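So the structure is just underneath, and the comments pick up after that.
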Amino acid sequence: MKKPVRYVFALSLLGLLPCTSALAGSSSSDCTDPSSSTCGNYLWSFESLSVVNNAVTASASHSGTAITSSATGWHADTAASQMAQDTPLPGVTVYSDAGIGVTTSGETSTGGAHGIDNKSGYDLVIFAFNQAVTLTQITFGYVNGDADFQLFAYNDAYAGVGTQDINPLDNQIAYNSTDNTAPIKGLTYVGWDLLGSYGSASTSPPSVTSVTTQTVGRGSKFWAVGAYSLTVTGGATVGRTDDGDDAFKLQKLCGNLYVKTPPPGVPEPTTLSLLALGALGAMRLRRRAS
Numbered sequence: 004m005k006k007p008v009r010y011v012f013a014l015s016l017l018g019l020l021p022c023t024s025a026l027a028g029s030s031s032s033d034c035t036d037p038s039s040s041t042c043g044n045y046l047w048s049f050e051s052l053s054v055v056n057n058a059v060t061a062s063a064s065h066s067g068t069a070i071t072s073s074a075t076g077w078h079a080d081t082a083a084s085q086m087a088q089d090t091p092l093p094g095v096t097v098y099s100d101a102g103i104g105v106t107t108s109g110e111t112s113t114g115g116a117h118g119i120d121n122k123s124g125y126d127l128v129i130f131a132f133n134q135a136v137t138l139t140q141i142t143f144g145y146v147n148g149d150a151d152f153q154l155f156a157y158n159d160a161y162a163g164v165g166t167q168d169i170n171p172l173d174n175q176i177a178y179n180s181t182d183n184t185a186p187i188k189g190l191t192y193v194g195w196d197l198l199g200s201y202g203s204a205s206t207s208p209p210s211v212t213s214v215t216t217q218t219v220g221r222g223s224k225f226w227a228v229g230a231y232s233l234t235v236t237g238g239a240t241v242g243r244t245d246d247g248d249d250a251f252k253l254q255k256l257c258g259n260l261y262v263k264t265p266p267p268g269v270p271e272p273t274t275l276s277l278l279a280l281g282a283l284g285a286m287r288l289r290r291r292a293s
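The sequence shown begins at 4 in our numbering and counts up by one.
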């Protein structure tokens, strides 16, 4: 026996039918199929890639949508000095399946100094995505000492010069939260938000950290991961952190396409579609009854 049309529409409006999208091939935040409980729909792997124009680019796809992530490496000898890419060195460097590190002049290949580290200054990797994303999980494929790190998201609406700043890579930044005087400012004064400092005593890779609690509701085209520093403050502290003995290579990032939540009282597109279908069904029933 077929269910009346109005019964089906009622179930749809009440959310009792299986979650479907109003448009074929699209997905919503409630209809995901993550590869793990803390990963997400997108997995960017930085293993065994090539450095091109001082950057390493990884791509990930989900539901027909591809998102790229381009990683660049930055270094400063002290927390107060300007961070820069060490050229002609590539800055960001790929170490086979271990992932990416940051190589600068004078560093050796021992003691983890060729990773993302705080042993001889401070290293930071900035990830530029072609669409706004929310990161959920970070994997290190190599650890020397331990892997305390900090996660930053760039405020895409930051207006350092009166207009929206769409390229944070051109800012003169220092790895601290204290300098607020031009030309070199602490990165938290030029649009970067510290979301969390994560302590990890793991020395056996892969070292996997979920960052979902700190990134929920936050989307950006620019994210950054750096070795832990006491000079950068703010955000949450997860675990026990210390400065000076951290070195790691970043192997993978997990995340989701960021979908901005509608303001209170504004129905989501899927809800609007269901309401329209319900109204259409009611009109057809009235016509049949007459």
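Glycine included, C-beta positions come from ideal geometry on N, C-alpha and C.
Predicted model, so just to flag it, every value in this text is computed and none were measured.
To the nearest angstrom, how far is it from the Cα of residue i to the Cα of residue j?
| i | j | result |
| --- | --- | --- |
| A160 | Y145 | 34 Å |
| A27 | Y261 | Residue placement at A27 is flagged as unreliable, the pLDDT there being 25, under the threshold of 50; the coordinate-derived value follows with that caveat. If you take the alpha carbons of A27 and Y261, they lie about 19 Å apart. |
| S53 | T68 | 23 Å |
| N179 | Q134 | 27 Å |
| T142 | T75 | 17 Å |
| A58 | S73 | 6 Å |
| I103 | S62 | 15 Å |
| K188 | N170 | 16 Å |
| V235 | G222 | 21 Å |
| V211 | Q85 | 30 Å |
| D33 | A101 | The pLDDT assigned to D33 is 29, lower than 50, so where the model puts this residue is not dependable; a value taken from the coordinates is nonetheless given after this. Their backbone Cα atoms lie some 33 Å apart in a straight line. |
| D36 | D246 | Residue confidence is low: D36 scores 38 on pLDDT, short of 50, so the model does not pin down where it sits. Its coordinate-derived value is still stated next. Those two C-alpha atoms are separated by around 37 Å. |
Is the beta carbon of residue j closer than 9 Å to that of residue i?
| i | j | result |
| --- | --- | --- |
| S203 | A150 | yes |
| T264 | T137 | no |
| A227 | F132 | no |
| L198 | G242 | no |
| G148 | A79 | no |
| D196 | F155 | yes |
| V128 | V97 | no |
Is it buried or exposed for residue i, if we count other Cβ within 10 angstroms and need 16 for buried?
| i | result |
| --- | --- |
| D173 | exposed |
| G229 | buried |
| S66 | exposed |
| G109 | exposed |
| S99 | exposed |
| N259 | buried |
| D126 | buried |
| D120 | buried |
| G220 | exposed |
| Q254 | buried |
| N56 | exposed |
| N44 | buried |
Can you pull the DSSP bridge partners for residue i?
| i | result |
| --- | --- |
| F155 | L197, A227 |
| D120 | A250 |
Contact check, residue i vs residue j under 8 Å by CB: the rounded distance?
| i | j | result |
| --- | --- | --- |
| A185 | A82 | Not really, about 17 Å apart at Cβ, beyond 8 Å. |
| K252 | G118 | 5 Å |
| T315 | C257 | Since the first residue of the chain shown is 4 and the last is 293, residue 315 is not available in this structure. |
Taking only beta-carbon atoms, is residue i less than 9 Å away from chain C?
| i | result |
| --- | --- |
| F132 | Of the protein chains in this structure there is only one, and it is not chain C. |
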